[in-house]
Structures are given as structure tokens and as C-alpha cells.
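S.K.:
Number of protein chains: 2
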Amino acid sequence: MAMSSKDPIDIWLRAEQGSAGRKPEHSRASIVQAAVKIADDQGIEAVSIRKVAAAIGAGAASLYRYVKSHDELIELMLDEISGEYVLDPANGAEGEAPQRALLDLARQGRQIMRRHLWSAPLFLSQPSMGPNSLAYLDFALSILQETSLESSAKLRTAAMLTAVTSAFVQNELPLHPGANHSPVDASARAAYMAQVLPTDAYPALAAVMAEELAPVNLDMEFEKIIGTYLQGAGLSERK
Amino acid sequence: MAMSSKDPIDIWLRAEQGSAGRKPEHSRASIVQAAVKIADDQGIEAVSIRKVAAAIGAGAASLYRYVKSHDELIELMLDEISGEYVLDPANGAEGEAPQRALLDLARQGRQIMRRHLWSAPLFLSQPSMGPNSLAYLDFALSILQETSLESSAKLRTAAMLTAVTSAFVQNELPLHPGANHSPVDASARAAYMAQVLPTDAYPALAAVMAEELAPVNLDMEFEKIIGTYLQGAGLSERK
DNA sequence: TCTAATTGCGAACACTGTTCGCAATTAACG
DNA sequence: CGTTAATTGCGAACAGTGTTCGCAATTAGA
Chain A
271 MAMSSKDPID IWLRAEQGSA GRKPEHSRAS IVQAAVKIAD DQGIEAVSIR KVAAAIGAGA
331 ASLYRYVKSH DELIELMLDE ISGEYVLDPA NGAEGEAPQR ALLDLARQGR QIMRRHLWSA
391 PLFLSQPSMG PNSLAYLDFA LSILQETSLE SSAKLRTAAM LTAVTSAFVQ NELPLHPGAN
451 HSPVDASARA AYMAQVLPTD AYPALAAVMA EELAPVNLDM EFEKIIGTYL QGAGLSERK
Chain B
271 MAMSSKDPID IWLRAEQGSA GRKPEHSRAS IVQAAVKIAD DQGIEAVSIR KVAAAIGAGA
331 ASLYRYVKSH DELIELMLDE ISGEYVLDPA NGAEGEAPQR ALLDLARQGR QIMRRHLWSA
391 PLFLSQPSMG PNSLAYLDFA LSILQETSLE SSAKLRTAAM LTAVTSAFVQ NELPLHPGAN
451 HSPVDASARA AYMAQVLPTD AYPALAAVMA EELAPVNLDM EFEKIIGTYL QGAGLSERK
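Chains as they are written, first to last, in the numbering used here: chain A, 271 to 509; chain B, 271 to 509.
1. Taking the alpha-carbon of residue 412 of chain A as reference, which of B:472, B:433 and B:422 has the nearest alpha-carbon?
2. Grab me the residues of residue 351 of chain A's own chain with a C-beta within less than 7 angstroms of its C-beta, minus the 5 sequence neighbours each way, in chain order.
3. In the DSSP assignment, the alpha helix (DSSP H) including residue 379 of chain B goes from what residue to what residue?
4. Between A:294, A:293, A:316 and A:333, which has its C-alpha nearest residue 301 of chain A's C-alpha?
5. Look at the alpha carbon of residue 374 of chain B and the alpha carbon of residue 408 of chain A, and state the distance between them as a whole number of angstroms.
6. Between the Cα of residue 440 of chain B and those of A:436, A:503, A:410 and A:349, spot the shortest distance and give me the residue it belongs to.
7. Given this structure, state the Cα-to-Cα distance separating residue 322 of chain B from residue 317 of chain A, to the nearest angstrom.
8. Taking the beta carbon of residue 490 of chain A as the centre, do at least 16 other beta carbons fall within 10 Å, making it buried, or is it exposed?
9. Determine contact between the region 397-405 of chain B and the region 344-360 of chain B, defined as no fewer than three beta-carbon pairs at a distance below 8 angstroms.
10. Give me the chain B residues within the contact set of residue 312 of chain A, using Cβ-Cβ distance strictly less than 9 angstroms, ordered along the chain.
11. Given this structure, state the Cα-to-Cα distance separating residue 319 of chain A from residue 309 of chain A, to the nearest angstrom.
12. Where does the unbroken alpha helix (DSSP H) through residue 300 of chain B begin, and where does it stop?
13. Over the uninterrupted alpha helix (DSSP H) stretch that includes residue 358 of chain B, give me the two end residues.
14. Going by DSSP, what residue range makes up the alpha helix (DSSP H) through residue 399 of chain A?
15. Taking only beta-carbon atoms, is residue 497 of chain A less than 9 angstroms away from chain B?
16. If the criterion is Cβ atoms closer than 9 angstroms, does the pair residue 492 of chain B and residue 442 of chain B meet it?
17. Counting only beta-carbon atoms, is residue 462 of chain B nearer than 9 angstroms to chain A?
18. Evaluate residue 349 of chain A with the Cβ neighbour count: other Cβ atoms within 10 Å of its Cβ, from every protein chain shown; 16 or more gives buried, anything less gives exposed.
19. Taking DSSP as the reference, what is the three-state secondary structure of residue 451 of chain B?
20. Using Cβ-Cβ distances below 8 angstroms, what residues of the region 425-438 of chain A are close to chain B?
21. With residue 349 of chain A as the anchor, note down where its alpha helix (DSSP H) starts and where it stops.
22. Does the beta carbon of residue 283 of chain B sit closer than 9 angstroms to a beta carbon anywhere in chain A?
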């Protein structure tokens, strides 16, 4: 009441607006979905207010009736795809080892980030607080409930789990044929490497590159990395 | 020779330009340093071509004589601060355990990212190829040389090491007093949490938040996280 | 001295996020 | 039923962005 400015974070509280007035022609959900589709197809940088507005057949300024800012739109997008997690309570069952349940969560996260390539870096920098993100966090914490970790350690373990997943996805992408969102394309990088390596300025790097890179099984690597990370996190001891 | 367009990635090859002509009033190094300073003070979003140009007393368009694009400037910034690593050969000595040497590297990385807060997310998304970045990579690989890992595993271990470090720094920042680069400020988030938690929609989260969060020793957590990650990476076996 | 190459940079273009003001629409109230 | 108040849609405008172009200024070598 006494606050001079409206609450800055009504993002997740703001209801879909009350009774009187012209009825809205769009919805926040459809806008976010359109934005996600654009990001999937053309990269995150293509997600501009004007393009999203055009995608749903609206004027640019109209979007601000549903979304407060561009940053908020991106936060909504992140929460949207966080809804793709399948939080099956069977995975959190008491019988299950926490490791397995968390590994499953990480697997899902990897798939989600691969479906939405733009999201991998963002999951790192943006600690989202939307309902889907909170549901995910809550689920991960419920799994960790069975361990003897301190609550702060639980929180960080959950956060680091998605962080490591995001890092892995980020690193596995260049090895794949897919799209090329790098500032400079990969072929140029390769040519550059070939030109700079013989300088024997980077002997260890040259040695590694010299070996024929056996086609890596990324799935197995992922399992191993997450598995060993969880093992190291000290979940083994039951409460 | 037959290439129609100039090589796209002369970023690191382009010499500081030959003999004849007006002598440059600036240098790529000074530009990058100015950009880093701006990012340190005002955040990465404040690093615009015009602001950097103004900082060194130049016209906006002049920057393009030293830097090909905004993206390239940021890549140069990343390589610049990668030069802050102290790659002491003593750490890579054969007697040292690889784990210790890599842990030291991660410690340095953490400090660098804390000095340049904007860099933590970027280290994730941008696989830089500048001389300093390559020197760092080469050093890490030379440490891993003593292990029995496959070369692809070596590469990914090195990449994941900085990735995990970046993730940790990203997660430890909100716990610190420092600057606030989040889309919405932390106090608002806290208020929101307080309002949404009693909904008992997130019981595990509520349970964790209820416990008094003992002031965490971030340094110790870092050591543990990196240590256990390296332990799981399978470095233990000597070659 | 002339020539060729290089830098500096104002001006412009195509974008971007965001705000403002106003017309159009709708629900509720008297 | 008419009036009022609230809400949406959105064209226009503003400030800021990355980038390109053309030209003047400067410099080294022929």
C-alpha cells in the first residue's frame, strides 16, 4: 500500500487480469510458446519483441500487456521448458537410490536442453523462480531428503546438477552436425588450429589432437560424468 | 588464394597491420583492456562499441579498424582475462598429483571469474581459441598427460573443469553482498518466496528453507566440489 | 614528390527494447 | 439502457545498438 512503486516481481503472481475491459486477443502462454519456437528455429537472438509479436499476429507494443520486459519473457521461456520435466514420484520412492533418481533427472535435463539449444547457457545464469522451475527444484530436494546432507548442501547439489548438465550439453554440441551458433564457424576454427598447432607452442594440445579421435559415445560419457559427480557429492549415506 | 571472401577467423592471426599508412592512435590491447574495465564496473551489457570507443577517446567507427565485430571483442576480452592464469610449470611437475595441479587451476579460475563477474557465464558458452586460452588448455592437458585417460576424455575433463568452476561461481554470487545483475532484485525474490512457500505446493523446498542456513564456507565447498569431481573423473590411475 | 596504403570518423541504415497516447472494446453499475 | 471505468490493441516516437560507407588525414616507401 505504502509502496511508491508497484512490486517489481509480480511476474509469477500477476493474474491473467480481472473482469472489466476489452477481452484479450492473446495469452501469455501462447506468447511464450511462440517465443520458444522462434528460439528453437532461429536461435535466442532472434527472439525480439517485434518478431514474437509478428509471430502471433499482434503489434509490437501489444506484447507489453502480457509481458513486462524482454528479460521477463526469457525467464518465462525458461520456466516453460522446465515444464517438460516429468517428475514421476515413483523415481523419488524411498526404495530408489537417490543417485539413480537424480541421474534420471539429469538425463531429462540433457534432453530438454538439446531440444532447446538456446537454453543451456541460460540455465546457468538465470536462477528461475517460476512454478515449473520450483516444482523441479522441489522434486530434486525431495530426492535429496533421504540423504544426510546439510540443507545448504542439498540446495547447491541440486543447482550444480543442472549446471553440470548444462555444461555438458554446451560441450557436446560442437561435436554434433547440428546448427552453428558460434561466432565463427567450426571449419574456420579447424583451419586455424591446423595453422597454429605446428608452432609447437602447445605441445600437449598438439599431442592430443594428433591421436585419432575415436567417435565418442556421448551418452556413456554423460552417465559417467553425472554419476561420478553425484558419487562425489556424498549422497551415499542414508539418513 | 582462390577464396572468394577473406578468411572469417583471422581474429588471432591478423597482425597489427603493416608498414605504409597512417600510424594507429590506439591498439587492440588497449581497446580490450578498456572493454574489460567497463564490463567489470558496469556489467557486460554496458560494453557497447560506442562506450568502449568513448572510453579510449575515439570515434565509434574507429574501433572497427582494430576489431571486426562486437562478438569478436568479447572473445578477445575472454582471452585477455584468460591471461591472468599463472601457469607455473612446477604445478605440472611429474611428482605432483594431477588432482592437486588441476585443483590449483580451478582455484585460479574461480578467482579470475570473481574478479570479472561477467565472464562466468561466457566461459560456458564460448570455447575461446585465443593464445591465452590455448595456453591454459595446453597446460591443463599437460597435467592430464600423466593419466591414462583417452585423449577425448582429457579434452572433456579440461573443458568440464572450467565449466564446473564457472557454474560454481555463478551459484555462489547471489550469496554475496556484491552487485546485482539479476533481472529482478533479490529482495523481491525473497518476498515472493515467502508468499509462495506456505502454499505447501513445494514441501521439500519449504523444509529446506525452514532450516536456518548456517553461514556456508564457500571456499571449502568449492574445494570439495572440484575435488570430488576430479576424483570421479578417473585421474587416479597413473599412466 | 608522388603514390599507395592505412587510420579516423561523421553520417546513415537497420535493428533493438520501451513508453506514450489514444481509439476500441468490454463488463459492471446506476 | 446509458454511463462509467477498466482493459486491450497498437501506431508513433525515442534512445540505444551493431555495422557500413565514403571521404579526409596521415604516413611509409618508390
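The beta-carbon is built from N, C-alpha and C at its ideal position, and this holds for glycine as well.
M.R.: Let's see:
1. Numbered from its first residue, the first sequence carries residue 412 of chain A at position 142. Checked all of B:472, B:433 and B:422; the closest Cα to residue 412 of chain A is B:472.
2. For the purposes of this step, residue 351 of chain A is taken as residue 81 along the first sequence, with counting starting at 1. Residues 306, 382, 386 and 389 of the same chain have their beta carbon placed closer than 7 angstroms to that of residue 351 of chain A, with the five preceding and five following residues left out of the count.
3. Mapped onto the second sequence, residue 379 of chain B falls at position 109. Per DSSP, residue 379 of chain B belongs to the alpha helix (DSSP H) from 368-385.
4. Residue 301 of chain A sits at position 31 when you count from the first residue of the first sequence. Residue A:333 is the option with its Cα nearest to residue 301 of chain A.
5. Position 104 of the second sequence, counting from 1, holds the residue named residue 374 of chain B. Position 138 of the first sequence, counting from 1, holds the residue named residue 408 of chain A. Straight-line measurement puts the Cα of residue 408 of chain A at about 34 angstroms from the Cα of residue 374 of chain B.
6. Taking the first residue of the second sequence as 1, we reach residue 440 of chain B at position 170. Here the closest residue by C-alpha is A:436.
7. Numbered from 1 along the second sequence, position 52 holds the residue referred to as residue 322 of chain B. Numbered from 1 along the first sequence, position 47 holds the residue referred to as residue 317 of chain A. Computed Cα separation, rounded: 26 angstroms.
8. Locating residue 490 of chain A in the first sequence gives position 220, where the first residue counts as 1. Label assigned to residue 490 of chain A: exposed.
9. Flag = yes, the region 397-405 of chain B and the region 344-360 of chain B touch.
10. Here the question's residue 312 of chain A lines up with position 42 in the first sequence. Result: empty, since nearest Cβ-Cβ is about 17 angstroms, beyond 9 angstroms.
11. Here the question's residue 319 of chain A lines up with position 49 in the first sequence. Here the question's residue 309 of chain A lines up with position 39 in the first sequence. Distance between the alpha carbons of residue 319 of chain A and residue 309 of chain A: 12 angstroms.
12. Mapped onto the second sequence, residue 300 of chain B falls at position 30. Residues 298-312.
13. Residue mapping note: residue 358 of chain B aligns to position 88 of the second sequence, counting from 1. Residue 358 of chain B -> no alpha helix (DSSP H), and no H or E assigned at all.
14. Here residue 399 of chain A is taken as the residue at index 129 of the first sequence, counted from 1. Run containing residue 399 of chain A: none; DSSP gives neither H nor E here.
15. Indexing the first sequence from 1 puts residue 497 of chain A at position 227. True, the Cβ-Cβ gap to chain B drops below 9 angstroms.
16. By 1-based counting over the second sequence, the position of residue 492 of chain B is 222. By 1-based counting over the second sequence, the position of residue 442 of chain B is 172. Yes, these two residues count as a Cβ contact at 9 angstroms.
17. One-based indexing of the second sequence puts residue 462 of chain B at position 192. Output row for residue 462 of chain B: interface = yes.
18. For the purposes of this step, residue 349 of chain A is taken as residue 79 along the first sequence, with counting starting at 1. With 16 or more Cβ atoms within 10 Å of its Cβ, residue 349 of chain A is classed as buried.
19. Residue 451 of chain B sits at position 181 when you count from the first residue of the second sequence. Per-residue confidence for residue 451 of chain B stands at a pLDDT of 48, beneath the threshold of 50, marking its modelled position as unreliable; the derived number appears in the next sentence. In the structure shown, residue 451 of chain B sits in coil (DSSP, three-state: anything other than H, G, I, E or B).
20. Taking 8 angstroms as the upper bound on Cβ-Cβ separation, chain B lies near residues 425, 426, 429, 430, 433, 434, 436, 437 and 438 of the region 425-438 of chain A.
21. For this step, residue 349 of chain A is matched to residue 79 along the first sequence. Element bounds for residue 349 of chain A: 340-352.
22. What you label residue 283 of chain B is simply residue 13 of the second sequence in a count that begins at 1. Yes, its Cβ sits closer than 9 angstroms to a Cβ of chain A.
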